[in-house]
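Below: the structure, in structure tokens.
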Amino acid sequence: MKILAISLLLLVSVSHAMDPPAIEWYRVYSQYNEFLDVLETPEGFAASTYDAIVYVDQSGNITSEVTSEDFGWHYMKFQSLIPSYQGGLVSTGVGKLASDSSYSLFIAELSSEAAPTWSRNYDYPDATEY
Numbered sequence: 029m030k031i032l033a034i035s036l037l038l039l040v041s042v043s044h045a046m047d048p049p050a051i052e053w054y055r056v057y058s059q060y061n062e063f064l065d066v067l068e069t070p071e072g073f074a075a076s077t078y079d080a081i082v083y084v085d086q087s088g089n090i091t092s093e094v095t096s097e098d099f100g101w102h103y104m105k106f107q108s109l110i111p112s113y114q115g116g117l118v119s120t121g122v123g124k125l126a127s128d129s130s131y132s133l134f135i136a137e138l139s140s141e142a143a144p145t146w147s148r149n150y151d152y153p154d155a156t157e158y
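Quick note, the numbering used here runs 28 ahead of the 1-based positions in the sequence shown.
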């Protein structure tokens, strides 16, 4: 018990001695409700939202935006982002191909130039909610 208490005391004292990381920049993007995922890219960052993937440069300036319409979908909630082997990114989420269709799970890929390359849906017939 004494060894554990000493170890914890050491960890606490070491953690208080470290300086917090410096903030390089911050931005408020009022046109988006929230970002669901963020991925670092060679040019900056990609962030997923309820209806778009937003690309920003190293300073936080928006450089491009990809929406569900760019994929030919009615609605896409881009929930996750992962890097692809080709240098672009892959997103997964839930969406609707048309306004009157059921909700589907999707996987979609974007090129390194932020252009939609393909998407695939996995339909939940008659699903009206997700």
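By construction, the Cβ of each residue, glycine as well, lies at the ideal position given by its N, Cα and C atoms.
Mark residue i as exposed unless 16 or more other C-beta atoms lie within 10 angstroms of its C-beta, in which case mark it buried.
i           : result
residue 75  : buried
residue 149 : buried
residue 50  : exposed
residue 84  : buried
residue 58  : exposed
residue 30  : Confidence in residue 30 is poor, its pLDDT being 46 and thus under 50, which makes the residue's placement unreliable; the coordinate value appears in the next sentence. Exposed: under 16 other Cβ atoms inside 10 Å.
Going by Cα to Cα distance, which pick from the options is closest to residue i?
i           : options          : result
residue 92  : 150, 72, 145     : 72
residue 86  : 47, 55, 110, 140 : 55
residue 113 : 134, 69, 46      : 69
residue 64  : 50, 79, 117      : 79
residue 123 : 138, 140, 77, 58 : 77
residue 111 : 61, 50, 97, 139  : 139
residue 90  : 46, 60, 136      : 60
residue 67  : 58, 57, 53, 82   : 82
Is the Cβ-Cβ distance between residue i and residue j less than 8 Å?
i           : j           : result
residue 116 : residue 95  : no
residue 119 : residue 108 : yes
residue 99  : residue 142 : no
Identify the continuous beta strand (DSSP E) that holds residue i and give its terminal residues.
i           : result
residue 85  : 80-85
residue 49  : Segment: none, residue 49 is in no beta strand (DSSP E) and carries neither H nor E.
residue 144 : 144-151
residue 77  : That residue, residue 77, is in no beta strand (DSSP E); it is neither H nor E in DSSP.
residue 119 : 117-124
residue 131 : Segment: none, residue 131 is in no beta strand (DSSP E) and carries neither H nor E.
residue 67  : 65-68
residue 108 : 103-111
Which two residues bound the contiguous alpha helix (DSSP H) that contains residue i?
i          : result
residue 99 : 96-99
For the structure I just gave you, are there three or more beta carbon pairs, one from the segment 91-111 and one from the segment 122-142, closer than 8 Å?
yes
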